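Participant: Letter by letter, the sequence shown follows residues 1 to 294 of the UniProt record's numbering. In this text, a Cβ means the ideal position worked out from N, Cα and C, and glycines have one as well. Fair warning: this is a prediction, and the values are worked out from it, not measured in the lab. Input: one structure, supplied below.
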Amino acid sequence: MFRSAMSHISLKAPDPESAAAFYEDFLGMVREAPDTPSTIGAIRLGFGRGHHVVEIVQGEVGLDHFAFEIGDESEMLALKSRLQANGVDFLPCHAERAASDSFAIADPDGNRVEFHGLIDRSGEKSDRLCPDRIQHLALATPDASRLTRFYTEVLGFRISDKMGEGAGFWIRSSQEHHSLAIFQREHGKGLDHYSFDIAGWEDFKVWCDHFSRKGVPVAWGPGRHGIGDNLFIMFHDAVGYLIEFSAEMELFGDGIAKERERWDDYGRAASLWGPVPEFRNRQVEVVGDPLSDG
């Protein structure tokens, strides 16, 4: 199994300053100094002096790119070899903003995906209220089966769960149930949501109270997903991006190579504790070709 962890996400916003203020004021993030070379053309925010987890760039609302950290140099080399063998082109990286060992590709939907080696996370812990780490994201696509094949057969992710016949796939690059989810959506593609990890149930109460004081409505939750078994809440940032806070995600052993279960009840898959709100209802559609179980 290809081993990696989500490193950061880059989002486009018409007004990057107001977008960044949300992450500073409501999520306790710290902005990188604007005079550092890595911030040229971007606002980068993190949990302290360590690597950024959110990058905001000027543009129409949409995903700019997302990145995975690969801790083993041999994994990096093996991934590059697989990409070359499958005819995947490497994209140029931003000279100032990219890590020295970074490389980038485009997936079949045109999403830019970056990879880099281990990064400095010293100085990230403090007494501020902020999430623990960025953990996963979900993509919408007109062809979930095709996109999932790319991430599993070319990049080396593994399937943990799937919804119906090609409606959604939850795939992993570590022991955690998913580092990427892929949802079928006939119209539109790109970012569905992204997620931060927090420690546990007590933290959900702290965050929900914090959001209430700050005037940020919780759009969904607290709840527990059937797929992944994780606790969650969801809310929107100032631009409208959907953010999830998650805890207690299911863990997998290395010996599990294929999907464990197929879910056909979207309501149970999405929420074990109650109904799915209207804004999320039918976000994954049971259309498209199924992936082979072989």
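Do you know offhand how far PRO14's Cα is from LEU63's?
Facilitator: The straight-line gap from Cα to Cα measures roughly 13 Å.
Participant: Can you tell me whether LEU137 sits near the ligand PLP, meaning its C-beta is under 6 Å from at least one heavy atom of the ligand?
Facilitator: The model depicted lacks the ligand PLP and carries no ligand whatsoever.
Participant: If distances are taken between C-alpha atoms only, which option among ILE134, MET76, SER173 comes closest to GLY50?
Facilitator: Ranking the options by Cα distance to GLY50, first place goes to ILE134.
Participant: Would you mind reading off the limits of the alpha helix (DSSP H) that contains TYR266?
Facilitator: Note, TYR266: alpha helix (DSSP H), 266 to 270.
Participant: Mind checking GLN184: buried by the 16 CB within 10 Å criterion, or exposed?
Facilitator: The residue is buried, with at least 16 neighbouring Cβ atoms inside 10 Å.
Participant: Report, in whole angstroms, the separation of the C-beta atoms of LEU77 and HIS136, which I expect to be a contact under 8 Å.
Facilitator: Not confirmed; about 25 Å, so no contact.
Participant: Rounding to the nearest angstrom, what Cα-Cα distance links LYS12 and GLN58 in this structure?
Facilitator: Those two C-alpha atoms are separated by around 6 Å.
Participant: Helix, strand or coil: which one does DSSP assign to ALA257?
Facilitator: A caution first: ALA257 carries a pLDDT of 49, below 50, which makes its placement in the model unreliable, though a value can still be read off. Coil, per DSSP.
Participant: So, helix, strand or coil for GLN58, using DSSP?
Facilitator: Note: GLN58 maps to strand in three-state DSSP.
Participant: Would you call VAL206 buried or exposed, if buried means 16 or more other Cβ atoms sit within 10 Å of its Cβ?
Facilitator: Answer is exposed; the Cβ neighbour count stays below 16.
Participant: Assuming residue 298 and ARG146 make a contact with CB atoms under 8 Å, what is their CB distance in whole Å?
Facilitator: It is not possible to answer for residue 298, since the shown part of the chain is limited to 1 through 294.
Participant: Cutting at 8 Å between CB atoms, please list the residues of its own chain near THR141, excluding the five before and the five after it.
Facilitator: Cβ within range, chain order: ASP109, LEU147, ILE182, PHE183, GLN184, ARG185, LYS189.
Participant: Hey, would you say VAL239 sits closer than 7 Å to VAL61, going by beta carbons?
Facilitator: Yes, the pair counts as a contact, with Cβ atoms nearer than the cut-off.
Participant: Go through its chain and collect everything with a Cβ distance to PHE26's Cβ below 7 Å, but skip five positions before and after it.
Facilitator: So the qualifying residues of the chain are LYS214, VAL216.
Participant: Rounding to the nearest angstrom, what Cα-Cα distance links ALA257 and GLU114 in this structure?
Facilitator: Caution is warranted here: a pLDDT of 49 is assigned to ALA257, below 50, making its placement in the model unreliable, and the coordinate value is therefore given only provisionally. Straight-line Cα distance between these residues: approximately 24 Å.
Participant: Around the Cβ of TRP170, are there at least 16 other Cβ atoms within 10 angstroms (buried) or fewer (exposed)?
Facilitator: Per the 10 Å Cβ criterion, buried.
Participant: Which same chain residues end up closer than 8 Å to GLY253 when comparing Cβ atoms and leaving out the 5 residues on each side of it in sequence?
Facilitator: Only GLN175 meet the Cβ criterion.
Participant: According to DSSP, is LEU147 part of a helix, a strand, or is it coil?
Facilitator: In the structure shown, LEU147 sits in a helix (DSSP, three-state: H, G or I).
Participant: With respect to the beta strand (DSSP E) encompassing ASP192, which residues constitute its N-terminal and C-terminal limits?
Facilitator: ASP192 -> beta strand (DSSP E) spans 190 to 197.
Participant: Of the residues GLY221, GLY200, MET6, which one's Cα is nearest the Cα of TRP273?
Facilitator: Looking at the Cα atoms, GLY221 is the closest of the given residues.
Participant: Would DSSP call LEU63 helix, strand or coil?
Facilitator: It is a strand residue.
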